[in-house]
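Numbering (my numbering), first residue to last: 1 to 247.
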């Protein structure tokens, strides 16, 4: 891979298995806490801090989508930023923004799980357990309902049949727990795709301008929500990981 600037990755740790193993040898990567997406302002600060810490002008692959506006307002400084043009990380696991949008409009009340999110305890049942430890059962019930009551489907995304088999039990436990409280929650499984990740790794060879797949921000530039939007499109008010869009 030939490019004028060194390549660096700043990404959510949930992508480490898929993105990390595909990086060219010697490419440095910063894997940020999975839980940052729950607080978009903290996510923005962590991404900006990672960019600001780079010692030389670089091409920075950002392993996030817009993520509740957490990626709006990121300053490129001396670098070139390459960011998937997606609302959240779900589209990265599905392989394209188009597939994410198709699924969103077919079944908007869907919450997505993957191996990485389950391993990190970033899922509804673990959330409830943490609420009980931090507060009390009544408060936990209230917080859980506010965050998850509109979801009617849990979709487990795996990258092979064995992965789906290994994580089905936990996904079903999440479904059963939510169904007891809200009723009518079902489990769905689908195979993920690495197409968008592989395209992101190819993109630094010809950064160009923002297109259908990627937001490209050159030196001195700044990300905005509009860069992630297509013509006539609005960001979902609640994404497939429970991230509410903030202004």
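Using N, Cα and C, we set each Cβ at its ideal position, and we do this for glycine too.
Quantities reported herein were computed from a predicted structural model and do not represent experimental measurements.
By the neighbour-count criterion, in which 16 or more other beta carbons inside 10 Å mark a residue as buried, residue 135 falls on the exposed side.
Counting only the Cα atoms, residue 163 lies some 16 Å from residue 16. For residue 189, the uninterrupted beta strand (DSSP E) run begins and ends at 186-191, by DSSP. Assignment of residue 40 by DSSP, reduced to helix, strand and coil, places it in the helix class. Taking the Cα positions, residue 80 is about 37 Å away from residue 167.
Ranked by Cα distance from residue 44, the options 10, 138, 156 and 95 are led by 10.
In this structure, the beta-carbon distance from residue 34 to residue 14 falls below 7 Å.
Contact between residue 37 and residue 66 does not hold, since the beta-carbon distance rounds to 11 Å and is not under 8 Å. Counting only residues of its own chain and dropping the five nearest sequence neighbours on each side, residue 139 has a CB closer than 8 Å to the CB of 131. Between residue 73 and residue 196, the gap from beta carbon to beta carbon reaches 7 Å or more.
By the neighbour-count definition (other C-beta atoms within 10 Å, threshold 16), residue 121 is an exposed residue.
For the pair residue 126 and residue 173, the Cα-to-Cα distance works out to about 11 Å.
Cβ-Cβ separation between residue 82 and residue 216: approximately 6 Å, consistent with a contact (criterion under 8 Å). Between the alpha carbons of residue 221 and residue 91 lies a gap of roughly 25 Å. If you look at residue 32, you'll find it in the beta strand (DSSP E) that goes 29-32. Counting only the Cα atoms, residue 180 lies some 32 Å from residue 97.
Ranking 147, 169, 150 and 70 by CA distance to the CA of residue 156 puts 169 first. If you draw a straight line from the Cα of residue 153 to the Cα of residue 142, it is about 20 Å long. Counting only unbroken stretches of 4 or more residues, the alpha helix (DSSP H) elements lying wholly within the region 102-127 are 115-119, in sequence order.
From the listed residues 41, 117, 118 and 27, the smallest Cα separation to residue 204 is found for 27. The Cβ atoms of residue 219 and residue 46 do not sit closer than 7 Å to each other.
Counting of Cβ neighbours within 10 angstroms places residue 201 among the buried residues, the total reaching 16 or more. If you draw a straight line from the Cα of residue 192 to the Cα of residue 103, it comes to about 13 Å. Relative to the Cα of residue 119, the nearest Cα in the group 188, 171, 19 and 160 belongs to 171.
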